[in-house]
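K.L.:
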Amino acid sequence: MGDASKDQLTEGLARVCARAGLDEPTGLTRLTGGATMESWHFFSGECGFVLRRAPSLEFMEGRPFGHDVEAAIIRAAGAASVTAPRVIAVLEPDDGIGSGFVMGALPGTPNPKEILEFEGAGALLKGAARDLARIHSIKPGDAPDVVPVMDYREAIAELKAQFEEAGGDRPIIALGLKWMEDNCLDPCEPVLIHGDYRMGNLLAEPGKLAGVLDWELAHFGDPHEDLAFGCMAVWRFHRYDRPALGLGSLEDYFAAYEAQSGRKVDRTRFRYWLIHRTVWWALGCLRMARVWRSGEDRMLERVVISRRTSENELDLLMLLEEDAPEEERAKRVELTEPSPQVGEATDGELALAVSEWLAGVKDRFEGHDKFQWAVACNALGMISRHNAAAIPGFENAPLAQRILSGDANLADQGLLEELRKAILATIMQDVPKYPALAVARQKWIGDD
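Numbering (the working numbering), first residue to last: 1108 to 1555.
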């Protein structure tokens, strides 16, 4: 049902609504965003609801649990007073619209750009800490038995397997994997982990948390994993200066969480999970290209996200270099300026021309199509800036393998300098407006 039409979805939803005692669905509209699952808003009577569904049944294969279990986890979170949606019904095969569930629509916006400009960021940060503490109050036995308990070593081994499957040729990711192996934590008492607790999955109104969404990655494990994931630089969006969810300071976030949970935040465990989940998301971005190539989901956003791996590599290198020798960290990077173009138009210039044309027809798109328009413009921008010759041997499988084996590390003379140069050249092509890039340039080059 990955290619289900709007009419087919409406017909299937009518069957779901009838089973749940609701009126016929009206006004079905695809919501923007959603890198994995689809979300559709509709009305039943005067009340709003959201259909969350997989893009295809094949897309659900190999996942640790299905939408029925995710729905049960959300219900358990609601019972723990988490600001979670109310699940109305889980899709059944006879509904004919695939795998998913229907939940009540909540107020607020999930748009990080809007949320991070709200007044009352401190109150919202406290609300996020409160709900996270409530999630972490849920223990094994309070949720379905099939919800997995994370084995830290096994998780690292799975990431290494993903790395090799993706080519095994990214030295910075290799550094992260090796660091994780060398610094793996001892297990702690497991609690429910949301697994994707960050801006983009939180609904908010000014100064108020309105909802916690997207529970498909839930598992039992270390509470520091959730704390760290939302504080990754990539999820702070344009508020790099506010390290806690893009809303405030780590000190305020930790204090609010400790007050609500009665649990002390361990900075060492927090840093471990910050590095672990940065590696995890880097490999998740790379995996998007494989999903697209396989035909499981041909959504445009997937191939674009795959090229945002460099964001995570930049963040990862800035985290890992804290352990490098001072003399290596003190070295400055010099970048080579590209030569001016002459002669016929290059492939990049053709892509830029198409992008400029698309800018003139932006107003012809609305809803999810407008979101896809923005993704298409990002893709064309990446093509227009691409210059393989400007990246000095970054995708280097032999170096990555030497790092994994322990034969190379950031204490080696000149390695940190070369990796800095390579990732700067890469991200300046892929995502030149990424906020962490300006920070890295100031730190590594000396830009004002």
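Beta carbons are placed, not taken as given, at the ideal position from N, Cα and C, and that holds for glycine. Treat the numbers as computed from the prediction; the structure is a model and nothing was measured.
(1) Taking Cβ to Cβ, would you say Glu1418 is nearer than 8 angstroms to Tyr1259?
(2) As a quick exercise: from Thr1143, Arg1137, Leu1158, pick the residue whose alpha carbon is nearest that of Arg1122.
(3) Can you name, in chain order, every residue of its own chain whose Cβ lies under 7 angstroms from the Cβ of Leu1299, other than the five neighbours on each side?
(4) Can you look up Trp1551 in the DSSP assignment and give me helix, strand or coil?
(5) Just to confirm, is the Cβ distance from Phe1478 to Thr1133 under 8 angstroms?
(6) Look up Ser1368 in the DSSP assignment and say whether it is helix, strand or coil.
(7) Just grab the DSSP bridge partners of Met1210 for me.
(8) Could you name the residues of the same chain whose beta carbon sits closer than 7 angstroms to that of Lys1550, not counting the 5 residues immediately before and after it, in chain order?
(9) Please state whether the Cβ-Cβ distance between Lys1315 and Leu1231 is less than 8 angstroms.
(10) Nearest CA to the CA of Glu1145: which residue from Arg1305, Asp1404, Pro1505?
(11) Mapping DSSP to helix, strand and coil, what is Trp1322?
(12) Any idea if Asn1494 is buried or exposed, counting beta-carbon neighbours within 10 angstroms, 16 or more meaning buried?
(13) At the level of alpha carbons, what is the spacing between Ala1515 and Gly1355?
(14) Suppose the cutoff is 7 angstroms on Cβ atoms and the five residues either side in sequence are ignored; what does the same chain contact list for Phe1361 look like?
(15) Please report how far the alpha carbon of Ala1431 lies from the alpha carbon of Leu1506, in whole angstroms.
(16) How many Å lie between Leu1292 and Gly1337 at the Cα?
(17) How many angstroms separate the CA atom of Arg1237 from the CA atom of Gln1115?
(18) Determine whether the beta carbon atoms of Leu1135 and Lys1113 lie at a separation below 8 angstroms.
(19) Skipping 5 residues on each side, what residues in its chain have a beta carbon closer than 8 angstroms to that of Arg1384?
(20) State the beta-bridge partners of Val1298 as determined by DSSP.
(21) Going along the chain, which residues of its own chain have a beta-carbon closer than 6 angstroms to the beta-carbon of Gln1536, five neighbours each way excluded?
(22) Please say whether Ala1497 and Thr1443 have beta carbons closer to each other than 8 angstroms?
(23) On the criterion of 16 or more Cβ atoms from any shown chain inside 10 Å, does Tyr1464 qualify as buried, or is it exposed?
(24) At 3 residues or longer, and completely inside the stretch 1116 to 1155: list those beta strand (DSSP E) runs for me, N to C.
(25) Using the C-alpha atoms, what's the distance from Pro1192 back to Arg1414?
(26) So if DSSP puts Val1256 in a beta bridge, which residue, or which two residues, is it bridged to?
(27) Are Met1406 and Pro1217 close, meaning C-beta to C-beta below 8 angstroms?
(28) Tell me whether Lys1267 is buried or exposed, calling it buried when 16 or more other Cβ atoms sit within 10 Å of its Cβ.
(29) What's the C-alpha gap between Phe1225 and His1148?
(30) Buried or exposed for Met1108, going by 16 or more other Cβ atoms inside 10 Å?
(31) Please classify Asp1202 as buried or exposed, where buried requires at least 16 other C-beta atoms within 10 Å of its C-beta.
(32) Going by C-alpha to C-alpha distance, which of Ala1196, Pro1330, Glu1131, Phe1156 sits closest to Pro1297?
P.N.:
So, to answer that:
(1) Along the sequence shown, read from residue 1 onward, the residue named residue 1418 stands at position 311. Along the sequence shown, read from residue 1 onward, the residue named residue 1259 stands at position 152. Not in contact: Glu1418 and Tyr1259 (Cβ atoms no closer than 8 angstroms).
(2) One-based indexing of the sequence shown puts residue 1122 at position 15. Selected option, being the one with the closest Cα: Leu1158.
(3) The count along the sequence shown starts at 1 and reaches residue 1299 at position 192. These residues qualify, in order along the chain: Ile1242, His1243, Ile1245, Ala1250, Ala1325, Phe1327.
(4) Mapped onto the sequence shown, residue 1551 falls at position 444. Trp1551 falls in the helix class under three-state DSSP.
(5) On the sequence shown, residue 1478 is found 371 positions in, with the first residue counted as 1. On the sequence shown, residue 1133 is found 26 positions in, with the first residue counted as 1. Not a contact, by the Cβ cut-off of 8 angstroms.
(6) Residue numbering aside, residue 1368 sits at position 261 when the sequence shown is read from its first letter. Helix.
(7) Start at 1 with the first residue of the sequence shown, and residue 1210 comes out as number 103. In DSSP, Met1210 forms a bridge with Val1157, Val1194.
(8) Counting from one through the sequence shown, the residue named residue 1550 turns up at place 443. Contacts found: none.
(9) Taking the sequence shown and counting its residues from 1, one reaches residue 1315 at position 208. Taking the sequence shown and counting its residues from 1, one reaches residue 1231 at position 124. Contact flag set, yes.
(10) Translated into positions along the sequence shown, residue 1145 becomes position 38. Residue Asp1404 is the option with its Cα nearest to Glu1145.
(11) Position 215 of the sequence shown, counting from 1, holds the residue named residue 1322. Note: Trp1322 maps to coil in three-state DSSP.
(12) Residue mapping note: residue 1494 aligns to position 387 of the sequence shown, counting from 1. Under this definition Asn1494 is an exposed residue.
(13) As a first step, residue 1515 is located in the sequence shown; it is residue number 408 there, counting from the start. As a first step, residue 1355 is located in the sequence shown; it is residue number 248 there, counting from the start. Distance between the alpha carbons of Ala1515 and Gly1355 is about 37 angstroms.
(14) By one-based count along the sequence shown, residue 1361 stands at place 254. Hits under 7 angstroms: Val1372.
(15) Position 324 of the sequence shown holds residue 1431. Position 399 of the sequence shown holds residue 1506. For Ala1431 and Leu1506, the distance between alpha carbons rounds to 17 angstroms.
(16) Locating residue 1292 in the sequence shown gives position 185, counting from the first residue. Locating residue 1337 in the sequence shown gives position 230, counting from the first residue. One C-alpha to the other measures close to 20 angstroms.
(17) Here residue 1237 refers to the residue found at position 130 of the sequence shown. Here residue 1115 refers to the residue found at position 8 of the sequence shown. C-alpha separation (whole angstroms): 40 angstroms.
(18) Counted from its first residue, the sequence shown places residue 1135 at position 28. Counted from its first residue, the sequence shown places residue 1113 at position 6. Contact: yes.
(19) Counting from one through the sequence shown, the residue named residue 1384 turns up at place 277. Cβ neighbours of Arg1384 beyond the five flanking positions: Glu1332, Ala1335, Phe1336, Met1339.
(20) The count along the sequence shown starts at 1 and reaches residue 1298 at position 191. According to DSSP, Val1298 bridges with Gly1328.
(21) Here residue 1536 refers to the residue found at position 429 of the sequence shown. Excluding positions up to five away in sequence, the list reads Arg1492, His1493.
(22) Locating residue 1443 in the sequence shown gives position 336, counting from the first residue. Locating residue 1497 in the sequence shown gives position 390, counting from the first residue. Yes, they are a contact pair.
(23) As a first step, residue 1464 is located in the sequence shown; it is residue number 357 there, counting from the start. Residue identity check: residue 1464 is Trp in the sequence provided, not Tyr. Trp1464 comes out exposed.
(24) 1132 to 1137, 1145 to 1151
(25) Taking the first residue of the sequence shown as 1, we reach residue 1414 at position 307. Taking the first residue of the sequence shown as 1, we reach residue 1192 at position 85. If you take the alpha carbons of Arg1414 and Pro1192, they lie about 32 angstroms apart.
(26) Taking the first residue of the sequence shown as 1, we reach residue 1256 at position 149. DSSP lists Phe1327 as partners of Val1256.
(27) By 1-based counting over the sequence shown, the position of residue 1406 is 299. By 1-based counting over the sequence shown, the position of residue 1217 is 110. No; because the gap between Cβ atoms is not below 8 angstroms, this pair is not in contact.
(28) Looking up residue 1267 in the sequence shown gives position 160. Buried, since its Cβ has 16 or more Cβ neighbours within 10 Å.
(29) Position 118 of the sequence shown, counted from the start, is the residue given in the question as residue 1225. Position 41 of the sequence shown, counted from the start, is the residue given in the question as residue 1148. Going from the Cα of Phe1225 to the Cα of His1148 covers about 24 angstroms.
(30) Translated into positions along the sequence shown, residue 1108 becomes position 1. Unreliable placement is indicated for Met1108, whose pLDDT of 43 sits below 50; the coordinate value is still reported in the next sentence. Flag for Met1108 reads buried.
(31) As a position in the sequence shown, residue 1202 is number 95, starting the count at 1. Under this definition Asp1202 is a buried residue.
(32) By one-based count along the sequence shown, residue 1297 stands at place 190. Ranking the options by Cα distance to Pro1297, first place goes to Pro1330.
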